[in-house]
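Each remark here refers to the structure printed beneath this line.
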Amino acid sequence: MSGHSKWSKIKHQKGVDDIKRGNLFTKLTREIIMAAREGGGSADTNFRLRLAVQKARDSNMPMDNIDRAIKKGTGELGGGSLAEMVLEGYGPNGIAILVNALSDNRNRTVQEVRSTFTRHGGSLGESGCVAWLFESKGVITIKTENIDADELALAAIDAGAEDVKVESGYMEVYTAPDQLEKVRQALEKNKMAIESSELTKAPKSLIKLDEKSGLQAFKLLEKLEEIDDVQNVYSNADIPDAVYQAA
């Protein structure tokens with residue numbers, strides 16, 4: 338999952354710019370709306386909503402925005418018509434890519450995603466073509482500056498984590514989807530500096546890319562993330578460190 342970790346870190350670093358553009362808050366708002374629409378407006382009984390609200394709070398989204406999004410989802414305010422979509426495709430060197438989107442116009446979103454794949458050396462595939470290469474996981478990102486990473490890793494395993502990946506300045510803790518909240522709460526009790534927690538699609542194995550194809554893959558993933566309707570992008574690409582360092 339190391340390739341996944343690096344891509345997640347890049348996305349986090351870009352988060353400040355996303356907030357400035359309003360893109361991140363738009364994506365967070367849509368997720369809250371869908372969660373509230375599906376399971377109701379109480380975070381106590383709606384796990385998806387609880388997770389969406391926590392992610393919004395981790396990203397410093399104002400509570401007024403969160404409350405308004407919940408009301409849109411429950412129908413108290415007009416929220417428009419959104420539908421969930423999962424699009425699958427291939428990138429450079431045959432890497433697998435999953436795209437999660439929330440859209441009020443399926444045809445528009447499919448066309449945008451398809452053209453982005455094509456412009457950056459990839460292709461949109463049929464439903465189910467790559468989904469089997471990924472598995473659902475919970476992932477918690479923790480700052481490790483001035484903290485003993487080994488001790489932190491042991492604490493995470495003791496709390497029920499399945500895997501831990503240590504990178505420069507941060508750590509990613511992977512859990513079973515239904516254990517995400519439990520593990521986060523245990524880590525919070527130990528005063529861990531948690532940056533985010535979310536459900537993700539982790540690749541079962543990675544495809545190692547050289548610098549040229551890695552740069553091409555990076556640009557494709559980045560452009561897919563920038564599409565307004567796209568919520569998340571997952572890939573099994575193992576992109577060289579040099580590409581991330583130059584980003």
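The numbering of the sequence shown is my numbering, which starts it at 338 and goes up by one. All residues carry an ideal CB built from backbone N, CA and C; glycine is no exception. Because the structure is a prediction, the values reported are computed rather than measured.
- By the 16-neighbour rule on beta-carbons within 10 angstroms, residue 382 is exposed.
- In its chain, beyond the 5 residues on either side, 514 have a beta carbon closer than 6 Å to the beta carbon of residue 473.
- When C-beta atoms of the stretch 403 to 410 are compared with those of the stretch 360 to 377, three or more pairs fall below 8 Å, so the two segments count as touching.
- Contact between residue 425 and residue 462 is confirmed by a C-beta separation of about 5 Å, below the 8 Å threshold.
- Close CB contacts of residue 467 within its chain, under the 6 Å cut and outside five residues either way in sequence, are with 425 and 433 (chain order).
- From the listed residues 492, 448 and 555, the smallest Cα separation to residue 523 is found for 492.
- In the three-state reduction of the DSSP assignment, residue 474 falls in the strand class.
- Under the three-state reduction of DSSP, residue 481 is assigned to coil, being neither helix nor strand.
- In the assembly as shown, residue 562 is a buried residue. Its beta-carbon has 16 or more other beta-carbons within 10 Å.
- DSSP, reduced to helix, strand and coil, places residue 431 within a helical segment of the structure shown.
- Residue range 500 to 504 is occupied by the beta strand (DSSP E) that includes residue 500.
- Residue state for residue 380 is assigned as coil, using DSSP reduced to three classes.
- With a contact defined as Cβ atoms closer than 8 Å, residue 498 and residue 507 miss out at about 15 Å.
- DSSP places residue 400 in the helix class (H, G or I) of the three-state scheme.
- With a cut-off of 8 Å on Cβ pairs, the stretch 478 to 490 is in contact with the stretch 524 to 531, counting three or more such pairs.
- Sixteen is the threshold: when 16 or more other Cβ atoms of the shown chains lie within 10 Å of the Cβ of residue 568, as they do, the residue is buried.
- When 484, 517, 544 and 413 are compared, the shortest CA-CA separation from residue 431 is found for 544.
- Between residue 365 and residue 400, the beta carbon gap of about 13 Å keeps them out of contact (Cβ cut-off 8 Å).
- At least 8 Å separates the beta-carbon of residue 454 from that of residue 402.
- Leaving aside the five residues that flank residue 564 on each side, the residues in its chain whose CB is nearer than 7 Å to its CB run, in chain order, 449, 450 and 453.
- In the displayed model, residue 508 falls within a strand according to three-state DSSP.
- For residue 535, the enclosing beta strand (DSSP E) has its first and last residue at 531 to 540.
- Excluding its 5 nearest sequence neighbours in each direction, residue 553 has C-beta neighbours in its own chain below 8 Å: 428, 429, 457 and 458, listed in chain order.
- Excluding its 5 nearest sequence neighbours in each direction, residue 557 has C-beta neighbours in its own chain below 6 Å: 428, 457 and 459, listed in chain order.
- A distance below 7 Å between beta-carbons, with the five flanking residues on each side excluded, links residue 385 to the following residues of its chain, in chain order: 372, 375 and 376.
- Look at residue 440 here: in three-state DSSP terms it is strand.
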